[in-house]
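**Student:** Just so we're aligned, residue 1 is where the sequence shown starts under the UniProt record's numbering, counting upward by one.
Starting off with a structure, shown below.
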Amino acid sequence: MATKALVEDYYDAHAEAEQRRLDEARLEYEITKRIINTCITSLEIQHANIIDIGGGPGRYAIRLAQQGHKVILNDLSSKNLTIAKTNAQTAGVVLEDVVHANALDITLHAAPASFDIVLCLGPLYHLTLLEERERVVSNALALAKPGAYVMLAYVTVFGHLRDVARRDPARLVSEWGFYEKYVRTGVYDRRSDNESFHVYPRDVERELKCVKGGAEVVKMVSCEGFLGFDTARALAGAGDEEMERWVDVVMQSADHPHTFSSAEHLVVVLKKF
Numbered sequence: 001m002a003t004k005a006l007v008e009d010y011y012d013a014h015a016e017a018e019q020r021r022l023d024e025a026r027l028e029y030e031i032t033k034r035i036i037n038t039c040i041t042s043l044e045i046q047h048a049n050i051i052d053i054g055g056g057p058g059r060y061a062i063r064l065a066q067q068g069h070k071v072i073l074n075d076l077s078s079k080n081l082t083i084a085k086t087n088a089q090t091a092g093v094v095l096e097d098v099v100h101a102n103a104l105d106i107t108l109h110a111a112p113a114s115f116d117i118v119l120c121l122g123p124l125y126h127l128t129l130l131e132e133r134e135r136v137v138s139n140a141l142a143l144a145k146p147g148a149y150v151m152l153a154y155v156t157v158f159g160h161l162r163d164v165a166r167r168d169p170a171r172l173v174s175e176w177g178f179y180e181k182y183v184r185t186g187v188y189d190r191r192s193d194n195e196s197f198h199v200y201p202r203d204v205e206r207e208l209k210c211v212k213g214g215a216e217v218v219k220m221v222s223c224e225g226f227l228g229f230d231t232a233r234a235l236a237g238a239g240d241e242e243m244e245r246w247v248d249v250v251m252q253s254a255d256h257p258h259t260f261s262s263a264e265h266l267v268v269v270l271k272k273f
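Okay, structure coming up:
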């Protein structure tokens, strides 16, 4: 199990890299923004109450605040939150609150049933125990108003294996003792400074058994669509009009099961009953 201190120390040490991550993974960022904005539009409210759980340096939170929404940003990493405060000031926006807390305990720091949109786009990556992932999902639902949307992000096993094949294909043989377990469980604990959990798309339904009776699964979306991460990152330098058109095309099939295996990141959209 990844401890709070282990994950917090890792993201404090890699806060600058986290700040830059979505520059390279721009399609993931733009697809996720499109999903969020579609949900907000369907609620037919001009100023949504939003909480971004595990939002790191605040890329989504600040953008949503720029759109006029009331946003609370939460993260486990104090250094990421320091960067987020600077980013918000530079952007000329005010976040409703910035909360340093573990996603496992977020209900102690925010009012229940008070948010139109609940983002949980990172914490599930670092909880290797199913019961802890279920607790975070339950926490996110507890914060959502009836009829509100909850968005959950997962990293896929296939995404990591593609990265190994590209960077260091011999590792699958030289470290088979680790990978034999990894391909069965999705638990990535080969590093001493961090642990993470990756999912097979087919297993997301099992991950969400805890929401039965409390929410419906609206859709699951591949954030890289049919392109996959390696091809998608070629779009990082695209102009705004070019990127918008690519997002249009990718979104046409991003919620189709045949694209899920191409994903590095999956976003699941829940609607609370």
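For each residue, glycine too, the CB sits at the ideal point set by N, CA and C.
For leucine 127, which of Ala5, Ala88, Arg166 and Asp168 has the nearest alpha-carbon?
**Tutor:** Position 127 of the sequence shown, counted from the start, is the residue given in the question as residue 127. The shortest Cα separation from leucine 127 among Ala5, Ala88, Arg166 and Asp168 belongs to Ala5.
**Student:** When you compare only the Cα positions, how much space is there between arginine 20 and phenylalanine 273?
**Tutor:** On the sequence shown, position 20 is the one that residue 20 refers to. On the sequence shown, position 273 is the one that residue 273 refers to. Between arginine 20 and phenylalanine 273, the C-alpha separation is close to 36 Å.
**Student:** Check for me: the alpha helix (DSSP H) holding aspartate 116 runs from which residue to which?
**Tutor:** Residue 116 sits at position 116 when you count from the first residue of the sequence shown. Counting along the chain, aspartate 116 falls outside any alpha helix (DSSP H), though it belongs to the beta strand (DSSP E) covering 115-120.
**Student:** Would you call the CB atoms of serine 261 and phenylalanine 226 closer than 8 Å?
**Tutor:** Counting from one through the sequence shown, the residue named residue 261 turns up at place 261. Counting from one through the sequence shown, the residue named residue 226 turns up at place 226. Not closer than 8 Å, so no.
**Student:** If I follow the unbroken beta strand (DSSP E) through glycine 68, where does it start and stop?
**Tutor:** Numbered from its first residue, the sequence shown carries residue 68 at position 68. Per DSSP, glycine 68 lies in no beta strand (DSSP E) and is assigned neither H nor E.
**Student:** Are the CB atoms of threonine 156 and residue 279 within a distance shorter than 8 Å?
**Tutor:** Residue 279 is absent from the structure shown; the chain starts at 1 and stops at 273.
**Student:** Work out the CA separation of arginine 245 and tyrosine 10 for me, nearest whole Å.
**Tutor:** Your numbering for residue 10 matches position 10 in the sequence shown. Your numbering for residue 245 matches position 245 in the sequence shown. Their backbone Cα atoms lie some 36 Å apart in a straight line.
**Student:** What residue from Gln46, Asn87 and His69 has the CA that sits closest to glycine 56's CA?
**Tutor:** Reading the sequence shown from its first residue, position 56 is the one you call residue 56. Comparing Cα positions, the closest option is Asn87.
**Student:** Roughly how many angstroms separate the alpha carbons of proline 112 and glycine 54, rounded to a whole number?
**Tutor:** On the sequence shown, residue 112 is found 112 positions in, with the first residue counted as 1. On the sequence shown, residue 54 is found 54 positions in, with the first residue counted as 1. Cα-Cα distance, rounded: 17 Å.
**Student:** Quick check: the Cα distance between serine 222 and histidine 265, rounded to an integer number of angstroms?
**Tutor:** For the purposes of this step, residue 222 is taken as the residue at position 222 of the sequence shown. For the purposes of this step, residue 265 is taken as the residue at position 265 of the sequence shown. Going from the Cα of serine 222 to the Cα of histidine 265 covers about 6 Å.
**Student:** Quick one, which of His47, Leu64, Gly228 and Asp116 has its alpha-carbon nearest arginine 34's?
**Tutor:** On the sequence shown, residue 34 is found 34 positions in, with the first residue counted as 1. Residue Leu64 is the option with its Cα nearest to arginine 34.
**Student:** Mind checking which residues open and close the beta strand (DSSP E) that includes residue 274?
**Tutor:** With the chain covering 1 to 273 only, the question about residue 274 has no answer from this structure.
**Student:** Measuring CB to CB, does isoleucine 36 end up less than 8 Å from methionine 220?
**Tutor:** Translated into the one-based positions of the sequence shown, residue 36 becomes position 36. Translated into the one-based positions of the sequence shown, residue 220 becomes position 220. Cβ atoms of isoleucine 36 and methionine 220: not closer than 8 Å.
**Student:** Check whether the Cβ atoms of tyrosine 60 and leucine 141 lie closer than 8 Å to each other.
**Tutor:** Reading the sequence shown from its first residue, position 60 is the one you call residue 60. Reading the sequence shown from its first residue, position 141 is the one you call residue 141. Cβ distance not < 8 Å, so tyrosine 60 and leucine 141 don't count as in contact.
**Student:** Where phenylalanine 158 and alanine 165 are concerned, what is the direct C-alpha to C-alpha distance, given to the nearest angstrom?
**Tutor:** Position 158 of the sequence shown holds residue 158. Position 165 of the sequence shown holds residue 165. Cα-Cα distance, rounded: 10 Å.
**Student:** For aspartate 189 and glutamate 195, which I take to be in contact (beta-carbon distance under 8 Å), what is that distance rounded to the nearest angstrom?
**Tutor:** Against the sequence shown, residue 189 aligns to sequence position 189. Against the sequence shown, residue 195 aligns to sequence position 195. Right, their Cβ atoms sit about 5 Å apart.
**Student:** In the DSSP output, what is isoleucine 53 paired with across the bridge?
**Tutor:** Counted from its first residue, the sequence shown places residue 53 at position 53. According to DSSP, which records beta bridges pairwise, isoleucine 53 is partnered with Cys120.
**Student:** I'd like the list of long-range same chain contacts for methionine 1, defined as Cβ closer than 7 Å, with 5 residues on each side in sequence excluded.
**Tutor:** Position 1 of the sequence shown, counting from 1, holds the residue named residue 1. For methionine 1, the pLDDT reaches just 49, beneath the cut-off of 50, and the residue's location in the model is therefore unreliable, although a value from the coordinates is still provided. Counting only Cβ-Cβ distances below 7 Å, and skipping sequence neighbours, we find Thr128 and Leu129.
**Student:** Would you tell me roughly how many angstroms separate the C-alpha atoms of glycine 68 and aspartate 240, rounded to the nearest one?
**Tutor:** Counting from one through the sequence shown, the residue named residue 68 turns up at place 68. Counting from one through the sequence shown, the residue named residue 240 turns up at place 240. About 21 Å.
**Student:** Given phenylalanine 115, which residues of its chain have a CB within under 7 Å of its CB, disregarding the five upstream and five downstream residues?
**Tutor:** On the sequence shown, position 115 is the one that residue 115 refers to. Asn49, Ile50, Ile51, Leu143, Ala144, Lys145 and Ala148, listed in sequence order.
**Student:** What is the DSSP secondary structure of tyrosine 154, counted as helix, strand or coil?
**Tutor:** Reading the sequence shown from its first residue, position 154 is the one you call residue 154. Strand.
**Student:** Could you tell me the alpha carbon to alpha carbon distance between leucine 270 and valine 218, rounded to whole angstroms?
**Tutor:** Locating residue 270 in the sequence shown gives position 270, where the first residue counts as 1. Locating residue 218 in the sequence shown gives position 218, where the first residue counts as 1. Taking the straight line from one Cα to the other gives about 5 Å.
**Student:** Just tell me which of Ala234, Glu28 and Asn80 has its CA closest to the CA of alanine 17.
**Tutor:** On the sequence shown, residue 17 is found 17 positions in, with the first residue counted as 1. Ranking Ala234, Glu28 and Asn80 by Cα distance to alanine 17 puts Asn80 first.
**Student:** Grouping DSSP H, G and I as helix and E and B as strand, with all else coil, what is tyrosine 11?
**Tutor:** One-based indexing of the sequence shown puts residue 11 at position 11. Helix, per DSSP.
**Student:** Do you know whose CA, among Thr38, Phe229, Gln252 and Tyr154, lies nearest glycine 186's CA?
**Tutor:** Translated into the one-based positions of the sequence shown, residue 186 becomes position 186. With distances taken between Cα atoms, glycine 186 lies closest to Tyr154.
**Student:** Which parts of the region 199-228 are runs of the alpha helix (DSSP H), unbroken and 4 residues or longer, counting only runs that do not cross its ends?
**Tutor:** 204-207
**Student:** Nearest-angstrom Cα distance between asparagine 102 and arginine 202?
**Tutor:** Against the sequence shown, residue 102 aligns to sequence position 102. Against the sequence shown, residue 202 aligns to sequence position 202. Whole-angstrom Cα-Cα distance: 28 Å.
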